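One structure is given here, and the rest of the page talks about it.
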Amino acid sequence: MPDIVITGYGIVSAIGNDAQSVLDSLRAKRTGIGKMQYLTSTHKELPVGEVKLSNQEMKDMLGVPQDRVLSRTTLLGAIAARQALEHSGLQLTESTRRVAFISGTTVGGMDITEHYFEQMQRDDQALPLFAQHDSGASTIESARLAGLHDAQTTTISTACSSALNAIILASEMLKNDEADVVIAGGAEALSLFHLNGFNTLMILDKEQCRPFDATRAGLNLGEGAAYLVLEREQDAQERGADIHAYVSGYANACDAYHQTASSDDGQGAYLSMSAAIARAGLSPKDIQYINAHGTGTPNNDASESQALRRIFGENMPPVSSTKSYTGHTTSASGSIETVISLLAMEHNFIPASLAWHTQADDVITPTQGVEGVTLDHVLCNSFGFGGNDSSLIISAHASHAEEPRRTDIQSIVAAESIIDDPEQLKQSRKWISPMEARRMGKLLKSAIITSLEALEQAGIQSPDAIVTATRYGMLDVSVRFLNDMSQNGEEQLSPTLFMQSTHNTISSAIAIRTHCHGYNITYSHGTQSMEWALRDARRLIQTGQAKTVLVGLHDQGTPEVCDMLRRMKAEPLPELYSHVIVLKADDSQ
Amino acid sequence: MEQLIDTLKSQIITTLNLEDMSIDDIDTDAPLFGEDGLGLDSIDILELIVLLERNYGIRLANPAEGKEVFKSIRTLAQYVEKNRKK
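Structure below.
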């Protein structure tokens with residue numbers, strides 16, 4: 003298998019609008035978390051890690067006319083992607099190489115929708131703004147603004163591990179010769195929707211966050227974007243590119259425990275870290291620095307520490323959470339923290355965990371920073387709601403590890419199931435208990451029923467992997483949360499609605515139900531979501547990484563959104579649609 | 188008190204979307220959380236905190252405090268009676 007290299011990167015975050023200023027802040031131990039300046043929330047008591055740029059300033063940087071309304075996620079993404087391309091020295095205009103742009107985001111254009119939602123429903127002038135709502139639209143616009151006109155694009159939405167999963171997909175596509183250059187990472191702007199959503203879960207600290215501290219009381223939300231330029235080593239060498247690091251190992255696993263909490267033993271984190279180390283051909287003692295997920299919530303830090311102790315035991319390498327600088331940049335955190343790890347590797351230092359004062363038994367002791375070290379292998383963790391846990395290892399040198407990998411296994415359809423009428427949910431009692439149903443919208447019910455039916459038909463209890471596609475996710479709960487915010491303001495909102503609103507809710511709920519700890523991913527790229535999901539599932543089987551994969555497309559419309567799409571003459575949404583396919587490896591070959 | 192208990196039960200059924208359940212199905216003294224009782228979890232606590240604020244003007248700042256209050260319908264009713272602002 004070819005080695006995958008990083009030939010460029012770009013970053014915009016609370017501690018700097020480019021790699022150099024991020025590096026300076028890290029070395030000066032300067033946090034970017036502070037008082038809210040740009041987000042117009044009534045919750046001014048909550049500190050945030052905002053990018054210190056207004057939308058107007060970003061439009062100027064990108065040469066976009068000021069009267070164009072663009073999502074902040076799109077703007078942040080475009081700036082970071084441009085930087086990454088410039089850093090890589092790639093001349094795309096003269097190149098005949100196949101380029102892909104993969105972005106992780108969950109918020110997408112929600113910052114626009116939450117602002118104009120009422121107007122869009124009655125006013126034709128505001129209506130076109132809804133075209134920017136979905137995650138995929140934000141990716142496509144960022145790619146355009148970064149000059150990536152001919153690139154194939156896709157969007158991964160696994161909540162807070164989205165960007166790391168984008169880097170994993172990029173590596174897989176390069177190894178599989180599906181592209182020659184991939185720009186991968188993630189972008190996420192702060193929105194009222196998720197600030198209030200996290201607030202309903204009571205996991206936002208009113209002080210600066212203190213990851214791994216005895217007094218930690220939650221996270222601070224942040225925003226930003228970062229992208230890497232990835233290529234096969236040989237291609238990079240042939241064009242004389244600077245190789246900044248190697249992507250030596252990665253893994254995606256699922257905690258399959260709870261929609262918003264991590265398990266006590268950190269099983270998902272344990273699986274993703276140990277599989278990433280194994281894939282890199284390394285052992286735990288080779289890892290010299292860990293950039294932890296470390297959100298600062300009591301639950302995450304205890305669970306992650308437990309997983310770290312299970313793997314590293316007494317020989318814990320230095321660990322820090324750089325969320326103490328940037329805030330938790332949610333879907334962008336995976337690539338932002340990979341870029342921070344790259345900076346650490348290239349400049350021979352280990353970033354400190356800021357605001358740590360008091361040791362506690364249930365968590366590891368983070369590093370206060372180290373200067374003058376040589377880092378060969380760095381591990382980066384990124385975990386999301388629903389237990390979508392991913393880990394990445396970057397290395398200073400090529401491992402040339404012989405990864406055993408097939409490329410020729412065919413997939414066959416073992417079973418299929420469809421629900422396209424809410425009436426069909428009447429059979430739900432067979433599969434879903436009333437206690438489970440209390441927190442399930444119609445789409446989640448149809449997703450669970452079709453998945454369990456198809457698995458039963460195929461004679462499979464738990465698949466090796468779950469791959470999900472959705473254009474809008476659980477739209478009914480998102481719309482209810484939006485309506486609640488516009489009617490009642492930013493108080494007394496429902497945590498149950500918020501926790502179901504991330505696109506990866508469906509995939510992780512299926513994992514929880516089927517006890518599937520394997521690969522788990524969600525694509526949210528408009529009408530192309532299912533195409534990308536099937537492509538991923540077939541790749542997993544083709545390369546021998548899974549024998550059975552549950553693939554599903556799940557979408558629903560609400561009266562408000564269906565009406566807007568009709569007025570926009572856009573592709574309509576069905577009232578309810580779940581289509582599940584169980585793919586399995588063809589053993590007859 | 189008995190009336191408040193029934194009101195709370197029906198508010199909980201609506202808020203937590205406990206389909207098919209009536210106020211007679213909820214034992215006033217059984218634990219609300221864990222497998223021996225109604226089987227509610229940490230997210231339900233958060234919903235109940237919102238319920239208390241909306242309907243009774245009671246603000247619970249931290250979920251851990253809620254654990255004592257939400258032991259059973261009876262402890263909840265006692266707490267509400269003592270602390271309600273509306």
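Protein chains in written order, with this note's numbering: chain X, 3 to 591; chain U, 188 to 273. Every residue, glycine too, gets a C-beta built ideally from N, C-alpha and C. Remember, predicted model here, so these are calculated numbers, not experimental data.
Interface residues of chain X facing residue i [CB-CB closer than 7 Å]
{"i": "R246(U)", "result": "Going along chain X, no residue has its Cβ under 7 Å from R246(U), so there is no contact; the nearest lies around 10 Å."}
{"i": "L233(U)", "result": "T202, L203, M204, P497"}
CB contact check: residue i to chain X, cutoff 7 Å
{"i": "V256(U)", "result": "no"}
{"i": "R241(U)", "result": "yes"}
{"i": "P218(U)", "result": "no"}
{"i": "E222(U)", "result": "no"}
{"i": "G253(U)", "result": "no"}
Interface residues of chain X facing residue i [CB-CB closer than 9 Å]
{"i": "I230(U)", "result": "L203, H260, Q261, T262, A263, R441, P497, T498, M501"}
{"i": "D193(U)", "result": "Here the premise fails: no neighbours, minimum Cβ distance about 20 Å."}
Cβ of residue i within 7 Å of any chain U Cβ
{"i": "M112(X)", "result": "no"}
Chain-ordered chain X contacts of residue i [CB-CB under 8 Å]
{"i": "V237(U)", "result": "T202, Q494, L495, S496, P497"}
Amino acids of chain U, ordered along the chain, whose beta-carbon sits closer than 9 Å to that of residue i
{"i": "P436(X)", "result": "L205, E206, D207, M208"}
Residues sharing a beta bridge with residue i, DSSP
{"i": "H592(X)", "result": "The structure shown has nothing for residue 592(X), since chain X only spans 3 to 591."}
{"i": "Q154(X)", "result": "A102(X)"}
{"i": "D557(X)", "result": "Y579(X)"}
{"i": "E418(X)", "result": "I583(X)"}
{"i": "G2(X)", "result": "For chain X, the structure presents residues 3 to 591; residue 2(X) sits outside this window and is missing."}
{"i": "L227(U)", "result": "F220(U)"}
{"i": "I185(X)", "result": "F103(X), V231(X)"}
{"i": "S413(X)", "result": "A587(X)"}
{"i": "E373(X)", "result": "F351(X)"}
{"i": "I17(X)", "result": "The partner list for I17(X) (beta bridge, DSSP) is empty, contrary to what the question assumes."}
{"i": "E190(X)", "result": "G226(X)"}
{"i": "L552(X)", "result": "I468(X), V584(X)"}
{"i": "A259(X)", "result": "For clarity, residue 259(X) is Tyr in the given sequence; the question names Ala instead. The partner list for Y259(X) (beta bridge, DSSP) is empty, contrary to what the question assumes."}
*asked:* Whether or not the stretch 496-507 of chain X and the stretch 194-214 of chain X are in contact is what I'm after, with contact meaning three or more pairs of Cβ atoms, one per stretch, closer than 8 Å; do they touch?
replied: yes
_Ignoring anything shorter than 4 residues, give me the alpha helix (DSSP H) runs that lie fully in the stretch 325-363 of chain X, in order along the chain._
Taken in chain order, the unbroken stretches of alpha helix (DSSP H) that lie wholly in the stretch 325-363 of chain X and span 4 residues or more are 325-328, 335-348.
*Is the stretch 205-223 of chain X close to the stretch 290-305 of chain X, with three or more CB pairs under 8 Å?*
yes
*Would you check if the stretch 377-396 of chain X and the stretch 420-433 of chain X touch, i.e. whether three or more CB-CB distances between them fall below 8 Å?*
no
*Three or more beta-carbon pairs under 8 Å between the stretch 117-131 of chain X and the stretch 160-174 of chain X, yes or no?*
With a cut-off of 8 Å, the stretch 160-174 of chain X and the stretch 117-131 of chain X do not count as touching, because too few Cβ pairs lie within range.
*What beta strand (DSSP E) runs, 3 residues minimum, are completely inside the stretch 216-257 of chain X?*
DSSP runs (the beta strand (DSSP E)) wholly in the stretch 216-257 of chain X: 226-234, 247-256.
*Counting only runs of 4+ residues fully inside the stretch 420-475 of chain X, write out the alpha helix (DSSP H) ranges in chain order.*
Secondary structure within the stretch 420-475 of chain X: the alpha helix (DSSP H) runs of 4 or more consecutive residues, fully enclosed, are 436-439, 444-460 (chain order).
*Go through the stretch 48-122 of chain X residue by residue and report every complete run of the beta strand (DSSP E) that reaches 3 residues or more, in order.*
101-106
_Check whether the stretch 204-216 of chain U and the stretch 557-575 of chain X are in contact - that is, three or more C-beta pairs closer than 8 Å._
no
*Contact between the stretch 226-246 of chain X and the stretch 177-190 of chain X: three or more CB pairs below 8 Å?*
yes
*For the stretch 508-544 of chain X, list the alpha helix (DSSP H) runs that are entirely contained and at least 4 residues long, ordered along the chain.*
531-544
*asked:* So, does the stretch 251-258 of chain X touch the stretch 332-351 of chain X, judging by three or more C-beta pairs under 8 Å?
replied: no
_Ranges of the beta strand (DSSP E) found wholly within the stretch 128-154 of chain X, counting only runs of at least 3_ = none
*So does the stretch 533-553 of chain X actually touch the stretch 568-588 of chain X, counting three or more Cβ pairs closer than 8 Å?*
yes
_I'd like to know if the stretch 91-110 of chain X and the stretch 329-347 of chain X are in contact, where contact means that at least 3 CB-CB pairs between them fall below 8 Å._
yes
*Check whether the stretch 169-178 of chain X touches the stretch 314-334 of chain X, counting contact only when three or more Cβ pairs, one atom from each stretch, lie closer than 8 Å.*
no
*Okay, do the stretch 61-69 of chain X and the stretch 85-102 of chain X touch, 3+ Cβ pairs below 8 Å being the bar?*
no
*Assess, as a yes-or-no matter, whether the stretch 235-243 of chain X is touched by the stretch 360-370 of chain X under the definition of 3 or more beta carbon pairs within less than 8 Å.*
no
*Whole beta strand (DSSP E) runs in the stretch 226-269 of chain U with 3 or more residues, listed along the chain?*
The DSSP assignment places no complete run of the beta strand (DSSP E) inside the stretch 226-269 of chain U (cut-off: 3 residues).
*Say whether the stretch 540-549 of chain X touches the stretch 387-396 of chain X, bearing in mind that this needs 3 or more beta-carbon pairs closer than 8 Å, one atom from each stretch.*
no
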